[in-house]
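Reviewing the structure listed below.
In this note's numbering, the protein residues as written are 2 to 233.
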């Protein structure tokens, strides 16, 4: 099945935000869940946990709009694991057999970071405090989790450089400073600096698409083998 979650600016928060499911036999989409106006601004991600088959949803942006939750009945019901603060504002989840990981899409000085939620005990822990917002995350074939931060003038940005975070199976985190933000002055060429990673898990290469950073052309793709990541 293919699912689609609505994402647009929705600054006035007067719109319903829906999840759609595609019916391949009828060749049509149908709404399977709708948030009422004011509940959320938009949907950041819809993902399937490869270990349980549960469908997960991430929403944002303000404290009362931020949520991470799951459904096992085709979104007839939603089961939040947490909501109501910037700790639950994320764009990408990473799944292991025992846990769910995410980095916050937040400029919060107090709550931004990398979080781990244990599936069995249903408790959450911040394992690392991040500099900037985390947009992208994946897990490689060797079990290493990789996340990346952007640059967009959030309060928790220490400098103008993007970062990669590498998390091992003992939740130890290595931070790597990467490219420096280019075209940061608002105007025709202004854009966030990003290190875009592949959305799926279990590849033996990390694919990094670079956007708006010095020393790299926009859209340049870097392929790094997991053995290189392991050796860092």
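A virtual CB, placed ideally from N, CA and C, is assigned to each residue, including glycine.
Bear in mind the structure is a predicted one, so any value in this text is a computation, not a measurement.
Residue i: buried (16+ other C-beta within 10 angstroms of its C-beta) or exposed?
i	result
residue 46	buried
residue 157	buried
residue 139	buried
residue 48	buried
residue 132	buried
residue 188	exposed
residue 242	The question about residue 242 has no answer, for the chain in this structure spans 2 to 233.
residue 165	buried
residue 122	exposed
residue 29	exposed
residue 32	exposed
residue 213	buried
residue 162	buried
residue 233	exposed
residue 105	buried
Between residue i and residue j, is the Cβ-Cβ spacing less than 9 Å?
i	j	result
residue 203	residue 141	yes
residue 51	residue 5	no
residue 127	residue 67	no
residue 168	residue 135	no
residue 85	residue 65	yes
residue 152	residue 182	yes
residue 35	residue 69	no
residue 207	residue 230	yes
residue 76	residue 25	no
residue 215	residue 149	no
residue 80	residue 99	no
residue 56	residue 73	yes
residue 236	residue 117	Absent from the model: residue 236. The displayed extent of the chain is 2 to 233, so no value can be given.
residue 129	residue 174	yes
residue 2	residue 27	no
Within its chain, find whatever has a CB closer than 8 Å to the CB of residue i; leave out the 5 residues flanking it on each side and keep chain order.
i	result
residue 190	184
residue 54	73
residue 62	42, 43, 90, 106
residue 71	50, 55, 56, 57, 58, 79, 80, 82
Spatial neighbours of residue i within its chain, please: C-beta separation below 7 Å, excluding the five flanking residues on both sides.
i	result
residue 205	141, 142, 226, 227
residue 107	87, 90, 113, 134
residue 9	43
residue 37	17
residue 224	206, 208
residue 217	180, 211
residue 12	none
residue 155	108, 133, 134
How far does the alpha helix (DSSP H) with residue i in it reach, from first residue to last?
i	result
residue 228	227–232
Quick one: residues in its chain with C-beta nearer than 6 Å to the C-beta of residue i, no 5 flanking neighbours on either side, listed in chain order?
i	result
residue 41	18, 60, 66
residue 210	197, 222
residue 193	151, 153
residue 39	14
residue 159	132
Hey, could you find the ends of the beta strand (DSSP E) residue i is sitting in?
i	result
residue 150	146–150
residue 168	162–168
residue 197	195–198
residue 105	100–105
residue 23	18–24
Can you find a heavy atom of the ligand ADP that lies under 8 Å from the Cβ of residue i?
i	result
residue 150	As for the ligand ADP, it is missing from this structure, which has no ligand bound.
Counting only runs of 3+ residues fully inside the region 28–96, write out the beta strand (DSSP E) ranges in chain order. Correct list: 29–36, 43–49, 56–61, 68–72, 80–84, 91–96.
Continuous beta strand (DSSP E) assignments of at least 3 residues falling wholly in the region 107–138: With a minimum length of 3 residues, the continuous beta strand (DSSP E) runs that stay inside the region 107–138 are 115–119, 125–129.
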